[in-house]
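Data block below; observations after.
Protein chains: 2
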Amino acid sequence: MVRVRMADVAARAGVSTATVSMVLSGGKGKRISPETQQRVREAAEAVGYRTNSVARSLRTQQTRMVGLISDTIASTPYAGRMLAGANDVAREQGHLVVLVDTERDVEAERLALHALTGQQVDALIYACMWHRVVEVPSGLPEDAVLLDCAPATGARAAVVPDERAGGAAAVRELVAAGHRRIAFLDAEERFGLVASRLRYEGYLQVLAEAGIEPDPALHVRAEPVAGGGREAAGRLLDLSAERRPTAMFCFNDRMAMGAYAAAHRRELSIPDDLSIVGYDDQQLIAAELDPPLTTIALPHYEMGRWAMEVALGVRQADPAVPHLMPCPIIRRASVGPPPAQFGD
Amino acid sequence: MVRVRMADVAARAGVSTATVSMVLSGGKGKRISPETQQRVREAAEAVGYRTNSVARSLRTQQTRMVGLISDTIASTPYAGRMLAGANDVAREQGHLVVLVDTERDVEAERLALHALTGQQVDALIYACMWHRVVEVPSGLPEDAVLLDCAPATGARAAVVPDERAGGAAAVRELVAAGHRRIAFLDAEERFGLVASRLRYEGYLQVLAEAGIEPDPALHVRAEPVAGGGREAAGRLLDLSAERRPTAMFCFNDRMAMGAYAAAHRRELSIPDDLSIVGYDDQQLIAAELDPPLTTIALPHYEMGRWAMEVALGVRQADPAVPHLMPCPIIRRASVGPPPAQFGD
DNA sequence: CCGGCTCGTTTAATCGATTAACTGGAGGTT
DNA sequence: AACCTCCAGTTAATCGATTAAACGAGCCGG
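Listed below in structure tokens is the structure:
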């Protein structure tokens, strides 16, 4: 590939490189006569000139690149939406995203940080692929933005889903449908999920608002996968009629998928006999269950956007406290009124 | 952030920048005395020097960055595995990945190409998030690698899944279990899926090998989602006993999920009454169905690796024909022998 | 004692664009 | 006529590293 330099354009247009630069890099500074501009542009077009951003970056000290360090691109299907949000904003702002996946390896993280700062990126985003509290790696610049994680110590611009409000919305949906015996199929504590505690808080809050005494027997824990959900839902459905829940709020859509299986196995129909709300709005699951699952969406795309907007200075952020991104409820068909014998 | 230049290190070590450069950029060319090397390294460490790769890139004409243009990061959960494969190789080779998502917009594609070539990336990968034939965008360098797509015209290094072999493996698994009436739940033609045709070819090939006359009634098409699978599977299961299939090969795991639902609704047990094989090994679906789904995995990670290896010259590729990456079968629990009355 | 050879290091050109400072000439003012 | 002001563009320094070529000191052989 032949590289065309600015000098080549200048020569062809019969002007200096300075003139070419001024014409091509927008109308700042001195004004160049329209004829000359025209001539330069034609020359550039003719020789197929493309400005070399490495050289420009060296001179201007900005690369129009943003580093995105993430712990794992691979293992979750959420990643895409978050990247998409970040990427969209980057493009809108004329920036490129440089992606590094550290696979949760501290050494890899250090190297990535070196590589990116060496690369003179204009901004940095540190992303987790599921909501958690992180020890900020040393060497992470002050103005880096945390995406889907909150700093264990210190103040940093950060954005996380508003899990508490999401949990509340889920339960509120069930309360509104008339349910009073609402179970929470939670993740086991050993997974140490921030989301687990917060969604539970939302659950309790709405029960309190509705004047429903929480029944500890309805807060069950299992592994947050389909199998765990099936097993936990099974236990609940095998309770005596008066103790059995008429609705379940599941920690995630996979558990909800398991709850569907448990209900079907017992010939219970959703939502006639049992209402279910999930969490995550997992692509290819939630919408495809039968009936489609009412669930709370994680705002990955929006968080990705937010982080990139803050990183590029398009939006201000208060570093003192993580920004809470709302988790909208996605109403589908898994919630209905409780069965008649439980109605009012 | 104070920027430390090589000159600062040189000053502190009492040598020239040339010496610092030679010490720091590996032991090529002239040899520097061990004492000086030591001194330089200490100085660099002391002032916290980090080489400015923009400057280096300008001089050496290589950026150690690889551009990855993809049509949609967002809409599929596969993307992650492909990125992960590419990213891993890039890291092994000391390169960074610059990601651009064009969202299938031709204009965005053109801009991305400009941005990346302007950025002087050392290599380019053009990725699709599902297997298809693409019109290679004009301006894509000759040595760019195509990932999960084949060029409509011209010869390019490219890698795609071996769908035909995958389809064959799926059907062979069923034949081996003793099935003779094997349905193919295909995607509708209007989606124009390359994979559809190839998997069907694999299906036919294995039937032929096994001496089974293909029954056109067992090749049904539907929308390739759970609902389509449910409906198509339902139609097949409602056939008379002697026409009904004992096994189904589904175009993808979502359709398989629908087939499960159809079977359950008819009180058929998997795999006792019906065997099912899917395709994609979709995370969070295949393994979580009950029983876990036997399926064919799309080798996204491996294709990502392959593309990056070719892009970086670690591996040679024949541009004349796309490289076919094997799709391994993932055996779980949805395949068994046909029901007794159909056995031999 | 001098030319030649190593060895370790420095000098200086270079990559390609940006931009502050300057220039030369047209036109205006007093 | 002398001086100022614009205008349209040029000159040259600069960003920070790499590297071919040059350099000087020490050593050896004749």
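Heads up: the sequence lines are chains A and B, in that order.
Heads up, the first sequence is in my numbering, so the first residue is 1 and it goes up one at a time.
Heads up, the second sequence is in my numbering, so the first residue is 1 and it goes up one at a time.
Idealized CB from N, CA, C, for every residue including glycine.
Given the structure is predicted, the values throughout are model-derived calculations rather than measurements.
Identified DSSP bridge partners for residue i
i         : result
A/Ala-155 : Its beta-bridge partners do not exist; DSSP assigns none.
A/Thr-295 : A/Gly-278 and A/Ile-330
A/Phe-191 : DSSP output for A/Phe-191 lists no bridge partner at all.
A/Asp-186 : A/Arg-221
B/Gly-67  : B/Val-98 and B/Leu-124
B/Met-303 : For B/Met-303, which the question treats as bridged, DSSP gives no partner whatsoever.
A/Val-160 : A/Leu-324
Proximal chain A residues relative to residue i, where beta-carbon distance stays under 8 angstroms
i         : result
B/Glu-288 : Val-225, Ala-226, Gly-227, Arg-254, Met-257 and Gly-258
B/Ser-57  : Val-54
B/Thr-63  : Val-54
B/Asp-7   : In the sequence as displayed, the identity of residue 7 of chain B is Ala instead of Asp. By Cβ distance, chain A contributes nothing, its closest Cβ being about 15 angstroms from B/Ala-7, past 8 angstroms.
B/Ala-297 : Here the premise fails: no neighbours, minimum Cβ distance about 14 angstroms.
Buried or exposed by the 16-neighbour rule on C-beta atoms within 10 Å, applied to residue i
i         : result
A/Phe-191 : exposed
B/Val-305 : Just to set this straight, residue 305 of chain B is Arg in the shown sequence, not Val. Burial call: buried.
A/Ser-25  : exposed
A/Pro-34  : exposed
A/Gln-61  : exposed
A/Ser-275 : buried
B/Asp-105 : exposed
A/Ala-165 : buried
B/Ala-263 : buried
Inter-residue Cα distance where the pair is residue i and residue j
i         : j         : result
A/Gln-316 : A/Val-310 : 6 angstroms
A/Gly-343 : A/Ala-210 : Here the model assigns A/Gly-343 a pLDDT of 45, short of 50, so the residue's position is not dependable, and the following value carries that caveat. Answer to the nearest angstrom: the Cα atoms are 16 angstroms apart.
A/Leu-58  : B/Leu-284 : 45 angstroms
A/Val-4   : A/Arg-39  : 17 angstroms
A/Ile-330 : A/Gly-85  : 19 angstroms
A/Arg-41  : B/Ala-144 : 28 angstroms
B/Pro-319 : B/Ala-195 : 21 angstroms
A/Arg-199 : A/Ala-168 : 7 angstroms
B/Tyr-49  : A/Gly-118 : 10 angstroms
B/Gly-313 : A/Tyr-78  : 32 angstroms
A/Ala-183 : A/Val-220 : 8 angstroms
A/Glu-189 : B/Ser-240 : 51 angstroms
A/Val-159 : B/His-95  : 29 angstroms
A/Arg-180 : A/Ser-269 : 19 angstroms
B/Cys-149 : B/Val-206 : 25 angstroms
A/Thr-352 : A/Val-321 : There is no way to answer for residue 352 of chain A, as the model of chain A reaches only from 1 to 344.
B/Cys-128 : B/Asn-87  : 16 angstroms
B/Asp-162 : B/His-131 : 10 angstroms
B/Met-255 : A/Gly-80  : 23 angstroms
Residue i in three-state terms, based on DSSP
i         : result
B/Ala-241 : coil
B/Val-206 : helix
A/Phe-251 : coil
B/Asp-344 : Because B/Asp-344 sits at a pLDDT of 46, beneath the cut-off of 50, its placement in the model cannot be relied upon, and the following sentence gives the value as read from the coordinates. Three-state DSSP puts B/Asp-344 in coil, outside helix and strand.
B/Pro-339 : coil
B/Ala-320 : coil
A/Gly-229 : helix
A/Ala-177 : coil
A/His-114 : helix
A/Asp-148 : strand
A/Val-134 : strand
A/Pro-141 : coil
B/Pro-271 : coil
Proximal residues of chain B, C-beta to C-beta of residue i below 7 angstroms
i         : result
A/Leu-124 : By Cβ distance, chain B contributes nothing, its closest Cβ being about 11 angstroms from A/Leu-124, past 7 angstroms.
A/Ala-165 : Neighbours of A/Ala-165 on chain B: none; closest Cβ ~25 angstroms, over 7 angstroms.
A/His-264 : His-264
Chain B contact residues for residue i, given Cβ-Cβ distances below 8 angstroms
i         : result
A/Leu-284 : Pro-77, Arg-254, Gln-282, Leu-284 and Ile-285
Partner residues on chain A for residue i, Cβ-Cβ distance less than 7 angstroms
i         : result
B/Gly-118 : Arg-50, Thr-51, Asn-52 and Ser-53
B/Asp-101 : Ala-84 and Asn-87
B/Leu-312 : Near B/Leu-312 there are no residues of chain A at all, since even the closest Cβ is about 16 angstroms away, more than 7 angstroms.
Per-residue contacts from residue i into chain B (C-beta, under 9 angstroms)
i         : result
A/Arg-230 : Asp-290
A/Leu-96  : Gly-67, Val-98, Leu-99, Val-100, Ala-112, Ala-115, Leu-116 and Gln-119
A/Ala-261 : His-264, Leu-289 and Asp-290
Listed by chain order, chain A residues near residue i by CB distance under 9 angstroms
i         : result
B/Ala-233 : The contacting residues do not exist; B/Ala-233 stays about 12 angstroms from chain A at best.
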